[in-house]
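The block underneath contains the structure these notes are about, expressed in structure tokens.
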Amino acid sequence: ALLNDITWQLRITDPKRAAGFGLQAIEASEAVEDPYNLVKALSFTGVALRNQGFYMEALEYYTRSLEKSLEYDDRVQQCYGYINLANLYLYLNEPEESEQYLLTLEPLAQELADLNVLGYFYLNFGRTRLALEQYAEALDYLQQALAIRVALGNGKGQSTITKDIGEVY
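Structure below.
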């Protein structure tokens, strides 16, 4: 768990080191047969790789993470798996593919009603709609994401979404 925490904390400021810790977390989780931390380690390593611009490698880790979360019936991590894949396809300028992952995610996210998951869902759906030039829908989804981030007291997340809202205009 500690290696996952370090990976997550470094994912933006030092994604290369984050990926190294992520690989260690994967190895440790596999060694002790800890499926919960394995799924997170795969996901977080994918994020660190994506942040370095290694999109195909990130895709591999995201896919493995989603497959493992489905295998272990970890529904929250399933949500993050779909979110990660949707977000990656936005980086790859493939909003239609992103949308497919979000549509798969939507019923599960609504059922779980996890505010962090819903915040990411609305954020990525807003970004996808923006990429598809569906501005009114983009704004609606982004405003829903912002309301959740405000409710959670997530200041950094609010700043990110405010920037995205500015892109709508």
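Residue numbers (the numbering used here): 281 to 449. A virtual CB, placed ideally from N, CA and C, is assigned to each residue, including glycine.
- Distances from the alpha-carbon of L365 to those of N404, R355, L392 put N404 closest.
- With a cut-off of 8 Å on Cβ pairs, the region 354-365 is in contact with the region 382-401, counting three or more such pairs.
- With a cutoff of 8 Å on beta-carbon distance, L426 and V448 are scored as not near each other.
- DSSP places T325 inside the alpha helix (DSSP H), whose first and last residues are 315-331.
- The C-alpha of G435 is placed about 18 Å away from the C-alpha of L290.
- Distances from the alpha-carbon of T343 to those of N331, S323, Y352, G333 put S323 closest.
- According to the DSSP assignment, Q357 belongs to the alpha helix (DSSP H) that extends over 355-371.
- Close CB contacts of D354 within its chain, under the 7 Å cut and outside five residues either way in sequence, are with Y316, V319 (chain order).
- Of the candidates L382, W288, G446, Y352, the residue whose Cα lies closest to the Cα of A328 is W288.
- Just measuring C-alpha positions, the residue of N331, L303, I441 sitting nearest P295 is N331.
- For the 8 Å CB-CB criterion, P375 and T408 form a contact.
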